[in-house]
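Residue numbers (UniProt numbering): 1 to 487.
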């Protein structure tokens with residue numbers, strides 16, 4: 001079953017009704033009981049004035065009558081256990097300090113990774129066949145930055161235009177310095193906020209000699225290594241690149257490249273490989289997981305994770321989108337999710353996105369009690385970014401006659417050109433937190449908002465110290481048992 005635009009589906013009708021009820025906060029219909037110290041007692045946890053919906057289609061059998069109260073209560077009841085358990089733990093121990101929000105990271109506006117990331121994301125998603133795209137704006141920007149430092153003339157101007165230098169909100173700090181600072185921060189967070197495997201390289205084809213100053217600066221400043229491609233044909237080049245990507249993904253086999261690699265003499269190929277598994281500040285317990293339907297490109301049965309807690313949260317009722325920021329362990333990074341109110345594809349939301357609007361949403365997000373439901377998922381994509389970068393204005397770099405990368409090799413001027421920008425990425429959404437036995441501050445949860453991500457959403461992983469954007473992508477589909485339309 002395909003999800004096409006705003007196509008109506010019976011499950012969408014029910015979900016939409018649930019969303020309206022939650023947004024209105026109609027306490028006469030839904031009442032969440034309050035116990036001592038914010039605990040929720042099972043006998044008075046939720047009370048719903050139930051009504052029955054009957055769905056039908058012309059010329060088809062009618063669905064069984066479903067009590068609407070079950071649809072409303074189940075997502076909330078699933079997180080009841082985690083709230084109750086949290087209350088029991090706090091009752092056994094001395095009352096700890098109330099959880100306080102960490103300081104806000106720098107906003108997306110003015111950051112080169114966000115500037116490139118959003119433009120590149122929208123260029124990728126202009127292709128209607130794009131599904132579950134994920135990539136690292138920080139790694140792409142850093143690789144381009146390394147090559148830009150070795151370019152001159154119009155080539156250099158176009159690379160700078162792609163990165164769009166931010167307004168000087170930090171005195172004397174330019175794009176290369178900001179990228180280097182962000183790379184260092186993410187590297188230090190590895191093993192704390194997430195498990196990260198990341199590699200960046202520039203491959204050269206029959207370029208001799210490569211300037212060692214370029215090699216050293218690219219490695220030291222942008223963490224971009226230099227690799228040489230052999231003298232073989234395109235199949236040999238492709239195998240070498242895929243083997244490199246597999247090593248960069250810590251042994252994970254990435255999806256095959258759809259674009260053909262034809263590296264001529266003098267070609268420079270930028271490559272990035274990144275694999276990330278986030279570690280939540282507070283885990284989703286196994287007891288609060290179950291199998292639900294994800295209403296994506298195809299409808300599938302998937303494992304959904306549920307918990308209630310305090311998160312930065314904002315609802316834009318004009319644009320009908322929920323914004324949630326979930327901290328990762330140690331506060332070094334966070335995951336930001338953008339979820340449409342209704343079951344629909346992401347085209348409408350993607351057209352809205354600007355750095356100004358994203359900055360506004362993140363600034364308005366405040367610490368709120370939220371009941372979250374997320375699918376367990378692996379998002380994986382392999383991308384060739386030449387078409388998208390040309391669209392963004394990087395045109396001369398691909399042409400031997402126009403490109404000027406004389407900083408890479410002065411003796412190869414007239415031959416050097418950009419032969420490809422390749423990207424392998426995977427992100428795992430799982431239930432684990434950083435440390436199960438950590439002494440976290442007590443959460444006081446009161447009448448949580450519902451963030452029920454059973455349909456496509458956009459996600460970001462950003463650094464808390466620098467605000468840089470490590471990952472950006474969309475979850476359109478979750479692998480699982482397919483469902484068929486029985487109507």
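We put the beta carbon where it would ideally sit given N, CA and C, even for glycine.
C-alpha gap between residue 348 and residue 127, whole angstroms: In the chain shown, the residue the question calls residue 348 occupies position 348. In the chain shown, the residue the question calls residue 127 occupies position 127. C-alpha separation (whole angstroms): 14 angstroms.
Could you tell me which whole alpha helix (DSSP H) segments of length 4 or greater appear in the region 147 to 223? 153 to 163, 175 to 189 and 212 to 222
According to DSSP, is residue 384 part of a helix, a strand, or is it coil? Here the question's residue 384 lines up with position 384 in the chain shown. Three-state DSSP puts residue 384 in a strand.
What does a CB cutoff of less than 7 angstroms around residue 151 pick up in its chain, not counting 5 residues either side in sequence? Your numbering for residue 151 matches position 151 in the chain shown. Correct list, in chain order: 159, 404, 405 and 407.
Would you check if the distance between the CB atom of residue 477 and the CB atom of residue 278 is smaller than 7 angstroms? Locating residue 477 in the chain shown gives position 477, counting from the first residue. Locating residue 278 in the chain shown gives position 278, counting from the first residue. Not in contact: residue 477 and residue 278 (Cβ atoms no closer than 7 angstroms).
Might you give, ordered along the chain, the residues of its own chain that have their beta carbon closer than 6 angstroms to the beta carbon of residue 154, omitting 5 neighbours on each side? Start at 1 with the first residue of the chain shown, and residue 154 comes out as number 154. Counting only Cβ-Cβ distances below 6 angstroms, and skipping sequence neighbours, we find 396.
For residue 444, the residue or residues it bridges with in DSSP: Here residue 444 refers to the residue found at position 444 of the chain shown. Its beta-bridge partners do not exist; DSSP assigns none.
Between the CA atoms of residue 422 and residue 462 - distance to the nearest angstrom: For the purposes of this step, residue 462 is taken as the residue at position 462 of the chain shown. For the purposes of this step, residue 422 is taken as the residue at position 422 of the chain shown. Rounded to whole angstroms, residue 462 to residue 422 spans 22 angstroms at the Cα level.
Euclidean distance between Cα positions of residue 322 and residue 452: Taking the first residue of the chain shown as position 1, residue 322 is located at position 322. Taking the first residue of the chain shown as position 1, residue 452 is located at position 452. Rounded to the nearest angstrom, the two C-alpha atoms are 10 angstroms apart.
Residue 388: buried (16+ other C-beta within 10 angstroms of its C-beta) or exposed? Within the chain shown, the letter at position 388 stands for residue 388. That one is buried.
For the beta strand (DSSP E) containing residue 225, name the first residue and the last one. Walking along the chain shown from the start, residue 225 turns up at place 225. Here the beta strand (DSSP E) through residue 225 covers 225 to 229.
Taking the alpha helix (DSSP H) that residue 112 belongs to, which residues open and close that run? In the chain shown, counting from the first residue as 1, residue 112 sits at position 112. 112 to 125 is the span of the alpha helix (DSSP H), which, as asked, contains residue 112.
Helix, strand or coil at residue 141 according to DSSP, with G and I counted as helix: Position 141 of the chain shown holds residue 141. DSSP places residue 141 in helix when its eight states are reduced to three.
Let's see if you can read the secondary structure: which residues bound the beta strand (DSSP E) around residue 277? Translated into the one-based positions of the chain shown, residue 277 becomes position 277. Counting along the chain, the beta strand (DSSP E) containing residue 277 begins and ends at 267 to 278.
Applying the 10 Å Cβ sphere with the 16-neighbour rule, what's the burial state of residue 213? Within the chain shown, numbered from 1, the residue matching residue 213 stands at position 213. Exposed, by the Cβ-count rule.
Where residue 290 falls, given that 16 or more other Cβ within 10 Å makes a residue buried: Counting from 1 along the chain shown, the entry for residue 290 is found at position 290. Per the 10 Å Cβ criterion, exposed.
Distance between residue 379 and residue 298 (C-alpha atoms, nearest Å): Your numbering for residue 298 matches position 298 in the chain shown. Your numbering for residue 379 matches position 379 in the chain shown. Computed Cα separation, rounded: 15 angstroms.
Environment of residue 188 [buried if 16+ CB atoms lie within 10 Å]: As a first step, residue 188 is located in the chain shown; it is residue number 188 there, counting from the start. Exposed, because fewer than 16 other Cβ atoms sit within 10 Å of the Cβ of residue 188.
My output table needs one value for residue 336: the three-state DSSP class, helix, strand or coil. Taking the chain shown and counting its residues from 1, one reaches residue 336 at position 336. Reduced to three states, the DSSP call for residue 336 is strand.
So what's residue 359 in DSSP terms, helix, strand or just coil? On the chain shown, residue 359 is found 359 positions in, with the first residue counted as 1. In the structure shown, residue 359 sits in a helix (DSSP, three-state: H, G or I).
Tell me the rounded alpha-carbon separation between residue 275 and residue 215. To locate residue 275, count along the chain shown from 1; it is residue 275. To locate residue 215, count along the chain shown from 1; it is residue 215. Residue 275 and residue 215: Cα-Cα distance of roughly 24 angstroms.
Strand pairing of residue 491, partner residues [DSSP]: Only positions 1 to 487 of the chain appear in this structure, which leaves residue 491 out of reach.
If you drop the 5 nearest sequence neighbours on each side, which residues of the same chain put their C-beta closer than 8 angstroms to that of residue 225? The residue given as residue 225 occupies position 225 in the chain shown. So the qualifying residues of the chain are 199, 200, 201, 202, 218 and 219.
Reference residue 136; option with closest CA among 313, 125, 121 and 287: Walking along the chain shown from the start, residue 136 turns up at place 136. It is 121.
Residue 321 (DSSP reduced to helix, strand or coil): Sequence index remark: in the chain shown, residue 321 carries index 321 (1-based). Strand at residue 321.
Please report how far the alpha carbon of residue 222 lies from the alpha carbon of residue 208, in whole angstroms. For this step, residue 222 is matched to residue 222 along the chain shown. For this step, residue 208 is matched to residue 208 along the chain shown. Going from the Cα of residue 222 to the Cα of residue 208 covers about 22 angstroms.
Exposure of residue 302, with buried meaning 16 or more beta-carbon neighbours within 10 Å: To locate residue 302, count along the chain shown from 1; it is residue 302. When all chains shown are included, residue 302 counts as buried.
Quick check: the region 427 to 441 against the region 337 to 355, are there 3 or more CB pairs under 8 angstroms? no
Residue closest to residue 391, alpha-carbon to alpha-carbon, out of 358, 119, 283 and 428: To locate residue 391, count along the chain shown from 1; it is residue 391. Of the candidates 358, 119, 283 and 428, the one whose C-alpha sits nearest the C-alpha of residue 391 is 119.
Taking C-beta to C-beta, are residue 185 and residue 426 nearer than 7 angstroms? Looking up residue 185 in the chain shown gives position 185. Looking up residue 426 in the chain shown gives position 426. No.
Neighbourhood of residue 107 by C-beta distance below 6 angstroms, restricted to the same chain and skipping five residues each side: Taking the chain shown and counting its residues from 1, one reaches residue 107 at position 107. Within the same chain, residue 107 has close Cβ partners 359.
Below 8 angstroms on the Cβ atoms is my contact criterion, and I expect residue 109 with residue 355 to pass it. Report the Cβ-Cβ distance as a whole number of Å. As a position in the chain shown, residue 109 is number 109, starting the count at 1. As a position in the chain shown, residue 355 is number 355, starting the count at 1. Right, the Cβ-Cβ distance comes to about 5 angstroms (below 8 angstroms), so this counts as a contact.
Compute the beta-carbon to beta-carbon distance between residue 138 and residue 418, rounded to the nearest angstrom, for a pair I have assumed lies under 8 angstroms. Taking the chain shown and counting its residues from 1, the one referred to as residue 138 is at position 138. Taking the chain shown and counting its residues from 1, the one referred to as residue 418 is at position 418. Actually they are not in contact, since the Cβ atoms of residue 138 and residue 418 sit about 19 angstroms apart, beyond 8 angstroms.
So residue 237 is in the alpha helix (DSSP H); what residue range does that whole segment cover? Residue numbering aside, residue 237 sits at position 237 when the chain shown is read from its first letter. Per DSSP, residue 237 belongs to the alpha helix (DSSP H) from 234 to 248.
Classify residue 408 as helix, strand or coil using the three-state DSSP reduction. Position 408 of the chain shown holds residue 408. It is coil, neither helix nor strand.
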